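In the working numbering, the protein residues as written are 234 to 553.
In this text, a Cβ means the ideal position worked out from N, Cα and C, and glycines have one as well.
Quantities reported herein were computed from a predicted structural model and do not represent experimental measurements.
The next block holds one structure in the form of structure tokens; read it before the comments.
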Amino acid sequence: MKRILITGALGQIGSELTMRLREIYGTDNVIATDIKKNQSEAAISGPFEVLDVTDGKRMVEVAKKYQVDTVMHLAALLSATAEEKPVFAWNLNMGGLLNALETAREVNAQFFTPSSIGAFGPTTPKDGTPQDTIMRPTTMYGVNKVAGELLADYYYQKFGVDTRGLRFPGLISYVALPGGGTTDYAVEIYYEAVKNRRYTSYIDKGTYMDMMYMPDALHAIIDLMEADSVKLIHRNSFNVSAMSVDPEAIAASITKYIPGFKLSYQVDPIRQKIAESWPNSLDSTAAIQEWGFKYEYDLDKMTQDMLTKLTEKYQLKISG
Ligand SMILES: NC(=O)c1ccc[n+]([C@@H]2O[C@H](COP(=O)([O-])OP(=O)(O)OC[C@H]3O[C@@H](n4cnc5c(N)ncnc54)[C@H](O)[C@@H]3O)[C@@H](O)[C@H]2O)c1
234 MKRILITGAL GQIGSELTMR LREIYGTDNV IATDIKKNQS EAAISGPFEV
284 LDVTDGKRMV EVAKKYQVDT VMHLAALLSA TAEEKPVFAW NLNMGGLLNA
334 LETAREVNAQ FFTPSSIGAF GPTTPKDGTP QDTIMRPTTM YGVNKVAGEL
384 LADYYYQKFG VDTRGLRFPG LISYVALPGG GTTDYAVEIY YEAVKNRRYT
434 SYIDKGTYMD MMYMPDALHA IIDLMEADSV KLIHRNSFNV SAMSVDPEAI
484 AASITKYIPG FKLSYQVDPI RQKIAESWPN SLDSTAAIQE WGFKYEYDLD
534 KMTQDMLTKL TEKYQLKISG
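Laid out in structure tokens, this is it:
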């Protein structure tokens, strides 16, 4: 990776990934793009282009203008929003991906796009979900992710595009808010803990899903992209996870630092149904063996950092 084009760069992952890549590869070598500009650090600290990923011609133009050798495709509609607008989701998620893969092919670039735990479905083994297993998702988002994984593998096999991907679990972060996923509760709970010391969860108690803290997710992306191609048996996409938690587990961790924190429930049937169709815990062995995946943050270490960073953000004081 020397010159990197990022789509959807102002979202939850992109706004942090852009800054991390600029630190490592140089500000001018990381071209952030999104459907519109805002005043965030990722948008104003270096090269930025307005780019709608459904416009394949313009994507190729931008890639050629900056002579990129890597395309990181993040723009997508996430699980909960995709369930509300399934046809729009198909067109954006599949059309955008096809354009991004074609761009990578045209300019001979390495390629990354995230898949998700949403690529699995109710017939997938729920605990210790293997790398290679049954994938029959029941959401539009999941259908897009499975099709996307296959399409990225196809571009590798058919055209030799160096495609790589990660099946991300719910990502927890404090810079940009999540964009309409099923695991968003695990971010909101920290914001509400700091602001109001209480949270009403739309996901029910006992519903376990995989999660990961954003710094570990950024490491995983960079480590996978820098990994020796010959060592990769799988490509699209690797299971990665740092923890398997339910709302009670996160609340118990928060209570260690904010003793008066209260968790209550008002379950949203749509997002609950999506969550129940996903695995409880992924097996990341293939990622560990093929490119050395590791993570630093377990639940308590993440909770401590999230609460510290959000308290700084809101300039509030945590006291019992
Ligand atoms: N955040 C998570 O927990 C998580 C977990 C698993 C997988 N993923 C995947 O990672 C990728 C990025 O996720 P995210 O959480 O950063 O999403 P996000 O919703 O926070 O950001 C998506 C970005 O895409 C942009 N976008 C939307 N439509 C666009 C278009 N037509 N053209 C260009 N840009 C457009 C949005 O403006 C936004 O900035 C997605 O593929 C998502 O499925 C995310």
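Residue ranges of uninterrupted beta strand (DSSP E) with 3 or more members, entirely inside the segment 438-464 and ordered along the chain, are 442-446. Beta bridge pairing from DSSP links Gly381 with no other residue. Cβ neighbours of Thr346 within its own chain (closer than 6 Å, five residues either side excluded): His306 and Gly398.
Look at Ile436 here: in three-state DSSP terms it is coil, with no helix or strand label. Runs of the alpha helix (DSSP H) lying entirely within the segment 300-325, each at least 4 residues long, are 312-317 in chain order. Val304 has its alpha-carbon roughly 11 Å from the corresponding atom of Val295. DSSP places Tyr547 within a helical segment (H, G or I) once states are collapsed to three. Rounded to the nearest angstrom, the Cβ distance from Gln499 to Tyr424 is 17 Å, too far for a contact under 8 Å. Rounded to the nearest whole angstrom, the CA to CA distance from Tyr374 to Phe353 is 10 Å. Boundaries of the beta strand (DSSP E) harbouring Lys495: Lys495 to Tyr498, taken from the DSSP string.
Annotation: the continuous beta strand (DSSP E) that includes Ser348 extends over Gln343 to Ser349. With respect to Glu335, Gly289 sits close: the two C-beta atoms are nearer than 7 Å. Residue burial is scored here from C-beta neighbours: Pro355 has fewer than 16 other C-beta atoms within 10 angstroms and is therefore classed as exposed. With fewer than 16 other CB atoms across the displayed protein chains lying within 10 angstroms of its CB, Leu383 is exposed. Per DSSP, Thr488 is one residue of the alpha helix (DSSP H) stretching across Pro480 to Thr488. Contact holds between the segment 247-266 and the segment 274-283, because three or more Cβ pairs, one in each stretch, are under 8 Å apart. Bounds of the beta strand (DSSP E) holding Gly403 are Gly403 to Ile405. For Pro402, the closest C-alpha among the options Thr362, Thr371 and Tyr432 is that of Thr362. Residue nearest to Asp360 within the set Asp516, Phe526, Lys546 and Asp538 is Asp516 (criterion: CA-CA distance). For Met327 and Gly241, the gap between their C-alpha atoms comes out near 14 Å.
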